[in-house]
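Sequential numbering of the sequence shown, starting at 499, is according to my numbering.
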Amino acid sequence: MSKFSASDAAFSGFRLVRENLKTIGVWAVAMTVLSIASNVLAIQFFGPKLEALLSYMTDTNNPDPDEFFNRASGLTPLMLWMLPYSLIVNGVVFAALNRLILRHDESRFAYLRLGAAELRQAVLWVLTSCVLMGVLFLGSAVSGFLGALGGATGAFLALLGLIGALCGVVYLAVRLSFASAVTFDTGKITLFKSMPRTEGLFWPLLGAYLLAAVMSIIVVLLIWTIVSAIGLVASGDFAATGKMLRADTTSLRAYFTPAGVVQALFSGLINVLTTLIVFGPAPSIYRELKEREAGVSGEGGW
């Protein structure tokens, strides 16, 4: 199968942003509105409990597991509600991303829809998460069993088992990285059957994804640096600047402050940018390889 440039692929997300500024702006606004709406509901019903958990995680150097689960138990209804919400949002976002790259002419509603394609992406996200978490859980169980043997040998084998599990998760994540694009392109939920599309491409794909992840981190740090600088200039207080980076969720009144609004606005923008930068390369590479293969074979696809 034809190769591709890992460095060019890693920057495909930036090209998507540059070439689709209006669409990205609509996505950022939509994500911000959804974020504010979900935060309002969470604060309205679970504000004090949510703030207590966040404060405990932030202020405690060595959090006690029992205390953590005790605080988190009060948020179980919120977590159960957030699961379907996250599935719907992920389905819409990944379908829109694939539509932007694979069917660029279908630009109405800024590529955003809510239908069968989005449902397939949500189901695929669940299946992929279950597979990767299952591999990690199995590897951790094997590692724990080996560690129970005791001694230096047991500890060494346990470490090898854990490293092997992590490597297995990375390997599967890369080999399955075209699943979202293939599912959208074919209209059928495709997980393991997408693996032949990445055969022989593991290392260049891994390089492209790692470089994209690094670029995403740099973008996030740059944006938060700008936000911090604005807060520092406006208030002259580092403490006030820090508050801009995490909204107060104790009550709706505390949330709807200038700091809370700024945090929500930049969170929506960051979510869109990181999604494009991190997840944009996979469908972009898929499209490039498919078009190249079609040009060589004279057929419409693989």
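Cβ coordinates follow ideal geometry from the N, Cα and C atoms, glycine included.
For Leu658 and Leu630, the gap between their C-alpha atoms comes out near 18 Å. Under the 10 Å beta carbon count, Ser605 is surrounded by fewer than 16 other beta carbons and is classified as exposed.
Scanning the stretch 522 to 580 for uninterrupted alpha helix (DSSP H) segments of 4 residues or longer gives 563 to 571, listed from N- to C-terminal end.
The Cβ-Cβ distance between Met713 and Ala508 falls below 8 Å.
A straight-line Cα-Cα distance of about 10 Å links Val515 and Gly778.
Note that the C-beta distance between Ala663 and Gly645 is not below 8 Å.
Judged by DSSP secondary structure, Ser505 falls within the alpha helix (DSSP H) whose first and last residues are Ala504 to Ala508. Taken atom to atom, the span from the alpha-carbon of Leu709 to that of Ala780 is near 13 Å. When the five nearest sequence neighbours on each side are left out, the beta carbons in the same chain lying within less than 8 Å of the beta carbon of Phe544 are those of Gly572, Leu573, Pro575 and Leu576, in order along the chain. With contacts defined as CB atoms closer than 8 Å, Gly589 and Glu616 qualify as a contacting pair. When secondary structure is reduced to three states using DSSP, Asn518 falls in the coil class, being assigned neither helix nor strand.
In this structure, Val672 is the residue among Leu655, Leu622, Val672 and Gly511 with its C-alpha nearest to the C-alpha of Pro694. In this model, Gly685 and Arg790 are separated by some 21 Å (Cα to Cα).
In this structure, Thr696 lies away from Leu704, with their beta-carbon atoms at least 8 Å apart.
Around the beta carbon of Leu750, fewer than 16 other beta carbons lie within 10 angstroms, which makes this residue exposed. Apart from sequence neighbours up to five positions away, the residues of its chain that approach Val640 with a beta-carbon distance below 7 Å are Gly659, ordered along the chain.
For the pair Ala762 and Leu578, the Cα-to-Cα distance works out to about 23 Å. Going by beta carbons, Val633 and Leu670 fall inside the 8 Å limit. The C-beta distance from Val717 to Leu647 rounds to 45 Å, too long to fall under 8 Å, and the pair is not in contact. In the three-state reduction of the DSSP assignment, Phe676 falls in the coil class, being assigned neither a helical nor a strand state.
In this structure, Leu600 sits near Arg785, with a CB-CB distance shorter than 8 Å.
As the crow flies, the alpha-carbon of Phe700 is around 10 Å from that of Ala706. Going by DSSP, Ser627 is part of the alpha helix (DSSP H) stretching over Ala614 to Gly645. Taking 8 Å as the cut-off, the Cβ atoms of Phe502 and Leu787 count as close.
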